[in-house]
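A quick write-up on the structure given underneath.
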Amino acid sequence: EVMNLFRDLLINVTNFFRDPDAFELLERKIVPQLFEGKTASDTVRVWVPGCATGEEVFSIGMLLREHMETLTVVPRVQIFATDIDEPALAVARAARYPEALLQGLSPERKQRFFNGDGESYVLSNEIRELCIFSPHSVIRDPPFSRMDLVSCRNLLIYFGPIIQSRVIPVFHYALKPGGYLFLGTSESVGQHDDLFATIDKKHRIFQAREHASPHIRLPALLGESHSNLFPSESAGSKKGLVGYPMRQAVEAQVLERFAPPHVLVNADGDVVYYSARTGRYLEASQGIPSRQLLTMARRGLRLDLRAALREATTTRRTVVRENLTVEEDDERVQPIRLTIEPLAERGNGEPLYLVLFEPSGPTLARSNEGGGSRDSDTTADLERELRDTRERLQSTIEEYETALEEVKSSNEELVSVNEEAQSTNEELEASKEEMQSLNEELNTINAELTAKIEELDHANGDLRNLFESTDIAT
């Protein structure tokens, strides 16, 4: 009974090419962009959450198939259609519809893509083979990724503001930089203009901004929310999950005993995790406690560590520095190998970097051949610091130039918006003048009608007096 009530509460209102003007714009302006620059080995990826019984999915599939026929080099196409309503998904997979539901189709598309079967019509395989249907909750389950287009029309209107504010960043996460979001005519991205640029306001088409970083919280890797994505496990696989904590304990002990000392830092160089045995390479500085890695680095390591960390955060690639030395005390130095490796992208959008300190040889005694050697070391340190400072200055200049270009671009957008506002204001003033003119005309007509009514009243009174004075029977 609970499941029946749940299904009754689900809303499956959809049609083929619902809002034809919006789909016409999608076909003309967006679909060609999805295929732009794609090779035969590439894939155009589309996600349709809340697909219901499949009409919207197949409408997009028809547009993509028609455009594919105009191309010389044809990439692959995958349309991922998801919903939480299993019976609706069953209807979509069958792709069988009564004739009454094909009203939104042109006669040409109906004839080409559908085959009559009694009182129903079945969609052809050339469209069905593009589509993959799966149960999935856009609220609870992890989103798809690397999508060229997300079409979620007339689903957000059934969500409250809080859920909408969670779902819109999920769509941005799912899209490639520059990917497109297609919403219903009564929907918008709300306060998330930092994530999406408006392509067409009337028909609700938006484009994911390339440099935006949404902060979203994805479900846990082994949480219950994944139950809809995968088949139910066998007894053997469930036993495997029971042993998962044991595996974690084993891995933690192996890391503690055999892994080199390491720390985890963010892009600003703040330490978010320490392993054991990092004291040979890091030490607390005097004064206010700090989590800044460069502040805690021992002498001999700081300059190379700063340069390597900056390179890793800029390029998002692994950086290795060989033959470095760290001063353990005034008499000994430790040769090490420094590695900084970016971690895989995480759901919250904050990039993290693993810094490894690996001894590359035995501890060495510091050379004591007189003051000349120490002066030479100091000079080399100063030269490296000067070189590093120059590189940082050049990087800062480039960042400033980039920021200046962004400011110029934003200024141009503001000027454009201002011009549009002025144009709208002028149109409103013109409309106001027209309304005033029309109102004056109506007042004039009203006065004329009032005068005619008075004349008719006078004429009627004269006729009444005439009849009464002549005593003529009427």
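Numbered per our numbering, the sequence shown finishes at 600, counting up by one with no gaps.
Glycine is no exception: its CB is placed at the ideal position from the N, C-alpha and C atoms.
Since we're looking at a predicted model, the values are computed, not measured.
When the Cα of residue i is compared with those of the options, which residue comes out closest?
i: SER277; options: GLU545, VAL264, PRO287 and TYR399; result: VAL264
i: ASN449; options: GLY405, GLY487 and LEU419; result: GLY487
i: LEU480; options: TYR247, VAL446 and ALA577; result: VAL446
i: GLU539; options: ALA226, ARG590, VAL315 and ALA323; result: ALA323
i: ALA148; options: GLY163, GLU409, ALA577 and LYS327; result: LYS327
i: PHE384; options: ALA402, GLU580, LEU554 and LEU427; result: ALA402
i: ARG432; options: PRO415, ARG406, ILE462 and GLU517; result: GLU517
i: ARG424; options: PHE285, ASN586 and TYR407; result: TYR407
i: PRO146; options: LEU190, SER232 and TRP173; result: SER232
i: GLN229; options: PHE143, VAL174 and GLY163; result: PHE143
i: GLN290; options: PRO415, PRO269 and GLN317; result: GLN317
i: HIS193; options: THR550, GLU162, THR441 and GLU476; result: GLU162
i: GLU195; options: LYS578, ALA178, VAL380 and ILE253; result: ILE253
i: GLU467; options: THR444, ASP456, THR440 and THR489; result: THR444
i: PHE285; options: ASN141, HIS262 and GLU313; result: GLU313
i: ALA226; options: ILE571, GLU336, LYS578 and ASN141; result: ASN141
i: GLU509; options: ASN251, SER563, ARG266 and LEU429; result: LEU429
i: GLU150; options: SER250, ILE331 and THR198; result: ILE331
i: LEU281; options: CYS177, GLU524, LEU249 and LEU197; result: CYS177
i: PRO386; options: THR439, ARG417 and ILE462; result: ILE462
What three-state label does DSSP hand residue i in the structure shown?
i: HIS329; result: coil
i: ASP145; result: coil
i: ASN280; result: coil
i: ASP209; result: strand
i: LEU249; result: strand
i: SER312; result: coil
i: GLY487; result: coil
i: ILE571; result: helix
i: PRO477; result: coil
i: ARG222; result: strand
i: ARG154; result: helix
i: ALA334; result: strand
i: LEU160; result: helix
i: THR528; result: helix
i: ALA346; result: Model confidence at ALA346 stands at a pLDDT of 38, short of 50, so the residue's coordinates are unreliable; what they give is reported in the following sentence. Looking at ALA346 - three-state DSSP - the assignment turns out to be coil, as it is neither helix nor strand.
i: PHE184; result: helix
i: LEU136; result: Any reading at LEU136 needs caution, since the residue's pLDDT is 44, under 50, leaving its predicted position unreliable; the model's value is listed next. Coil.
i: LEU592; result: helix
i: LEU431; result: helix
i: GLY286; result: coil
i: GLY496; result: Note on GLY496: pLDDT 43, under 50, position unreliable in the model; no value is reported.
i: LEU197; result: coil
i: GLU581; result: helix
i: LEU381; result: helix
i: THR515; result: helix
Quick one: what's residue i bridged to in DSSP?
i: ASP396; result: GLN418
i: ARG169; result: It is worth fixing the name first, because residue 169 is Thr in this sequence and not Arg. According to DSSP, THR169 bridges with ARG202.
i: HIS388; result: LEU482
i: VAL445; result: ILE466
i: ILE258; result: PHE206
i: ARG458; result: ALA491
i: THR451; result: PRO461
i: THR576; result: The partner list for THR576 (beta bridge, DSSP) is empty, contrary to what the question assumes.
i: GLY244; result: Partner(s): none; GLY244 has no beta bridge.
i: LEU275; result: VAL172 and TYR306
i: THR324; result: PHE332
i: LEU408; result: ALA423
i: LEU301; result: MET273
Would you mind giving the Cβ-Cβ distance between residue i and residue j, rounded to the nearest angstrom? I have them listed as a contact below 8 Å.
i: PHE483; j: LEU469; result: No, PHE483 and LEU469 are not in contact; Cβ-Cβ is about 17 Å, not under 8 Å.
i: GLY242; j: ALA218; result: With 8 Å as the limit, GLY242 and ALA218 do not qualify as a contact, their Cβ atoms being about 20 Å apart.
i: ASN544; j: LEU478; result: Not quite, the Cβ-Cβ distance comes to about 41 Å (not below 8 Å), so this is no contact.
i: HIS388; j: ALA334; result: Not quite, the Cβ-Cβ distance comes to about 34 Å (not below 8 Å), so this is no contact.
i: GLY426; j: VAL452; result: 5 Å
i: LEU189; j: LEU152; result: 7 Å
i: ALA491; j: ARG442; result: No, ALA491 and ARG442 are not in contact; Cβ-Cβ is about 39 Å, not under 8 Å.
i: PRO295; j: LEU321; result: 6 Å
i: SER411; j: THR421; result: 5 Å
i: PRO268; j: ASP209; result: With 8 Å as the limit, PRO268 and ASP209 do not qualify as a contact, their Cβ atoms being about 16 Å apart.
i: PRO485; j: GLN460; result: 6 Å
Are three or more beta carbon pairs between the stretch 290-303 and the stretch 153-161 nearer than 8 Å?
-> With the cut-off at 8 Å, the stretch 290-303 and the stretch 153-161 do not touch.
Sufficient close CB pairs (3 or more, under 8 Å) joining the stretch 166-174 to the stretch 219-239 = No contact exists between the stretch 166-174 and the stretch 219-239.
Is the stretch 309-328 touching the stretch 197-216 in the sense that three or more CB pairs, one from each, lie closer than 8 Å?
-> In this structure the stretch 197-216 does not touch the stretch 309-328; the number of beta carbon pairs closer than 8 Å is below three.
Below 8 Å, can you find three or more Cβ-Cβ pairs linking the stretch 219-237 to the stretch 272-292?
-> With the cut-off at 8 Å, the stretch 219-237 and the stretch 272-292 do not touch.
Counting Cβ pairs, one atom from each stretch, are 3 or more of them under 8 Å apart for the stretch 252-264 and the stretch 184-197?
-> The way I'd put it, the stretch 252-264 does touch the stretch 184-197; three or more beta-carbon pairs between them come closer than 8 Å.
Would the stretch 243-250 and the stretch 208-215 be scored as touching if the rule is three or more Cβ pairs under 8 Å?
-> The stretch 243-250 is not in contact with the stretch 208-215.
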